[in-house]
Amino acid sequence: MSSHDVRDMLDLPGDAPRPAKKQKIAAPRPVLKGLAREVQNLSGDNPIAIVPEVTVFKKRRFATRKPAAKWELKPFKNSARNEDSLILRHWRRKTEAPPAPVAEDGNGEPSAPQPASEIEDSTFAKFNVKVQTPKYDDEQYNTKLQSEDWSREETDYLMDLVQEYDLRWPVIWDRYEYEPPTPQMDVDVAVGAIIPAQKVRTMEDMKARYYSIAATMMKLNKPPELMNAAEFSLLELMHQFNPNQEAARKKFAEAAFHRTKEEAREEESLLLELKRILARSEKLTQERRELYSRLEAPHSQGNIGVYTSSQGLQQLLQQLMTADKTKKRRSLMGADGMSPAGPSNLHQQGSFDRRDSTNRESMSGPSGNNNKKGPSQGISERRQLTADEEKMYGVKHLDRITSSGPAFRHEKISKPITSKSSIQQQKIGNVLTELRISQRLRMPTEEVGKQFEILLQNINGLLDQRKLADKLAGEINVAKAVKAEREKKGRAERGEPEPGDEDGEGGAGAGDGQIKMEDGGREKSAAPSIRAGSVHKRSASVMSGVSDKSTKRQKK
Amino acid sequence: MAPPNNQKRVKGTQVYRPFVYGTIARLFNDETNPKPPGTPADHTHSWTVFVKGVDDADITYWCKKVQFKLHESIPNPLRMIDDVPPGGAFEVHETGWGEFEITIKLYYVPESLEKPQTLYHHLRLHPYGETEEEKEKMKQRGEVPAVVYEEQLFNEPYENFFEILTSPAPPGKGGKTKVLKGGMVSSVGERTALIPLTNRPGSEFSLETENLLLVEIRRAAADVMKMIEETKEDVVKKEAELAALRGPIQT
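As they're listed, the protein sequences go chains W and D.
Numbering of the first sequence is given in my numbering, commencing with residue 1 and proceeding in unit increments.
Numbering of the second sequence is given in my numbering, commencing with residue 557 and proceeding in unit increments.
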């Protein structure tokens, strides 16, 4: 319906613009090509401005037309077939003959037999790849490959089969018909003689034999150190072949295949049952653990200090009340009236402890409904990981973590060293070098860290002992000197002459001795306390205590 | 970045992830390692510094980017490596003539809310080792590796991050399997802290190596115990000697 129809209905004078409009519509018509006529009519006076653009692709089929390609029927053979007789034909596109062959064509006859002789090989012949089986000579066989179960002949036979059937074990197993060579004997003797029983070889037997030979030959040809990764993994794989396990696997698979429907169903239900039992037990232990942790929750140790004063108590009560109000549940002030003390109080106190400080602060605020989330609940919200998963994801639960955040294991392991003085560090380093242990551990794992800690403790003990030994050595020297001096003095008092070489330097020696005497006196005061403790029976930790004492004394 | 209040740390829990970092340097020569055009004349080596997972395991789900701080003489010494595909390595290739200490800064994924951490690694260009034999061996190989194993510990990670660390990789993202060198198949997206059981050429960090190291450390600890015993005997002897010497003085 267009506007002039409306005008028509309303008896409006609308005839005048009509012819002009018609022309108008006629004009844009060719432009509005992609639009349905009905849609165009909808627009009425105002022609639609936006027209979906339809691009028409004209196929220029005949523009680049070339002469039709020529094809010819060509003979070909397949080199994978052993016999040469079979020659098949297939259509091949005729190759554009370069000018040279044209000339040859001119020659005619002499070139004709040539293409016939070199019949094209099948394109699929390249897929005819032969498996490389290990080859061995007599000496190698005798030194490395002998087996009680397999004779040389049978091994050869197996190798031939493997070569022939390209390692397709089912086929090899099927065709395997080894007959041990019967010794050349008279018939009647042979009847009496023990005919070697023909062994029935399973596929696993054959595989095991073949793999062991292949692996041995591989190793012989190339030492494992020089192998590249692929070769090495192949070698590993062949070494790991376990015929018994393989046989068991097949047996199991077969058994599973022969199961009846009822058996399968029963198994399924049993598995389900097992899973249910396990899940239940897990839940049970978890609940129990939770209960225990609740029971064992220590009464507050540090935080209670705040609440000892009456003011603090008031504050606590206030806190609990606001928390209680926000909870809008079983009021603390229900039956007991104003007494928040009692078990509920204790309980809250306990849960304070297990909560971190930010959480506790939030209790006093209006966001007290955080309370409901105790730590235990927080854990149960989190996915529980099984032991295997924890191992896989490297999750450890530690009693004490000194600082949260990322850290590096090696840094942590070497902390006992790096936190010491540089002299001590050097000493420890020297011991480590002596033990041929690198200070930068090759693999700082957790277990290595533990062991290294033990080692470091030992080393510290050793260093303490050495220090003690050095000190004793010093004291012995002093004591010797003192003794010598005393003797000298004694001799001088008694008027005896100085023995031997000390004769000449009597005066100087006496002066020296005086100083040493003083030294000795000072040392003497230190010495008894060390001796008193019968040090050598003590453990390393006590040792370090003693040495601490002695160092303190030295400082004085 | 201050952690928002609604985030809580998982108390008493530690999660670790093994990774390796280090350098591999190769001497320029015409056949196997020709100098790329534009290299300064005095540069003698090409080298790579990297941070990656053990056995090409994925680390990108906890390590977002790595900044390598090279020597000031190298143009643009601060290199930020970002947007590494799962299972890839954060690495920088450079050429040069001198050894120096590289500062490696690990930035964690934003979910972790953790600050970046720094490692130091000495770039090795020349064969090194305790004995001449080791040096010679390295020379034969044609490259000088200086690779160390490290474990990243996350002490008490935030809950969100803990979730990331302890859940398998999202299946769409990196769950596809990848064939490693040596034809072994490993799934790249597997977020595990486990390390390979045995050594294979090209990756020497495994349980096997760890066990060897453990044996060595235990042996060393036993040696030290023996040394302590010896020293103790020595001490006892010396005490006796001292007592003998002192005796006459005091009486």
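Heads up, the beta-carbon is just placed ideally off N, CA and C, and yes, glycines get one too.
Check                                                                                                                           : Outcome
Coil, strand or helix - residue 536 of chain D by DSSP                                                                          : Past the boundaries of the shown model lies residue 536 of chain D; chain D is included only from 557 to 807, so the question cannot be answered.
Other residues of its chain near residue 619 of chain D: CB distance less than 6 Å, five sequence neighbours each side excluded : 662
Euclidean distance between Cα positions of residue 702 of chain D and residue 451 of chain W                                    : 24 Å
DSSP bridge partner residues for residue 809 of chain D (one or two, in chain order)                                            : For chain D, the structure presents residues 557 to 807; residue 809 of chain D sits outside this window and is missing.
Residue 694 of chain D: contacting residues in chain W (beta-carbon distance under 8 Å)                                         : Neighbours of residue 694 of chain D on chain W: none; closest Cβ ~15 Å, over 8 Å.
First and last residue of the uninterrupted alpha helix (DSSP H) at residue 697 of chain D                                      : 688 to 697
Beta-carbon gap between residue 669 of chain D and residue 570 of chain D smaller than 8 Å                                      : no
Residue 405 of chain W, enclosing beta strand (DSSP E) - first and last residue                                                 : 405 to 408
For residue 271 of chain W and residue 209 of chain W, believed in contact at Cβ under 8 Å, the rounded distance                : Rounded, the Cβ-Cβ distance is 38 Å, inconsistent with contact.
Cβ of residue 680 of chain D within 8 Å of any chain W Cβ                                                                       : no
Sequence-distant residues of its chain with Cβ nearer than 7 Å to residue 201 of chain W (five each side left out)              : 176
C-beta atoms of residue 659 of chain D and residue 676 of chain D nearer than 8 Å                                               : yes
Interface residues of chain W facing residue 794 of chain D [CB-CB closer than 7 Å]                                             : 469, 472, 473 and 476
Residues that residue 783 of chain D contacts on chain W, provided the C-beta gap is smaller than 7 Å                           : 462
Beta-carbon proximity check, residue 161 of chain W vs residue 213 of chain W, cutoff 8 Å                                       : no
Three or more C-beta pairs below 8 Å linking the stretch 583 to 603 of chain D and the stretch 413 to 422 of chain W            : no
The stretch 760 to 768 of chain D / the stretch 439 to 446 of chain W touching (three or more Cβ pairs under 8 Å)               : yes
Reference residue 585 of chain D, options D:614, D:573, D:699 and D:630, closest by Cα                                          : D:699
Within chain D, the residues that residue 290 of chain W reaches when beta carbons sit closer than 8 Å                          : Under the 8 Å cutoff, chain D gives no residues; its nearest Cβ is about 15 Å from residue 290 of chain W.
Cβ of residue 445 of chain W within 8 Å of any chain D Cβ                                                                       : yes
Neighbour flag for residue 284 of chain W against chain D, beta carbons, 8 Å                                                    : no
Residue 427 of chain W versus W:466, W:405, W:478 and W:408, residue with shortest Cα-Cα distance                               : W:466
DSSP three-state assignment for residue 636 of chain D, whether helix, strand or coil                                           : strand
Same chain, Cβ closer than 7 Å to residue 397 of chain W, neighbours up to 5 away in sequence not counted                       : none
Cβ neighbour criterion (16 or more within 10 Å) applied to residue 462 of chain W                                               : buried
Under the three-state DSSP convention, the category residue 708 of chain D falls into                                           : strand
Interface residues of the stretch 398 to 409 of chain W facing chain D [CB-CB below 9 Å]                                        : 398, 399, 400, 401, 402, 403, 404, 405, 406, 407, 408 and 409
Separation of residue 235 of chain W from residue 781 of chain D, as counted between CA atoms                                   : 42 Å
N-terminal and C-terminal residue of the alpha helix (DSSP H) that residue 483 of chain W is part of                            : 446 to 494
Residue 565 of chain D beta carbon less than 8 Å from that of residue 404 of chain W                                            : yes
Close Cβ partners of residue 239 of chain W (< 6 Å) along its chain, the five nearest in sequence each way excluded             : 215
Buried or exposed (CB count within 10 angstroms, at least 16 for buried), residue 615 of chain D                                : buried
Interface residues of chain W facing residue 673 of chain D [CB-CB closer than 8 Å]                                             : 406, 407 and 408
Through-space distance from residue 257 of chain W to residue 169 of chain W, alpha-carbon basis                                : 21 Å
Cα-Cα separation, residue 372 of chain W to residue 639 of chain D                                                              : At residue 372 of chain W, the pLDDT of 37 sits below 50, so the modelled position is not reliable; the number obtained from the coordinates is stated separately. Near 41 Å, if we compare the C-alpha coordinates of residue 639 of chain D and residue 372 of chain W.
Min CB distance residue 218 of chain W to chain D below 8 Å                                                                     : no
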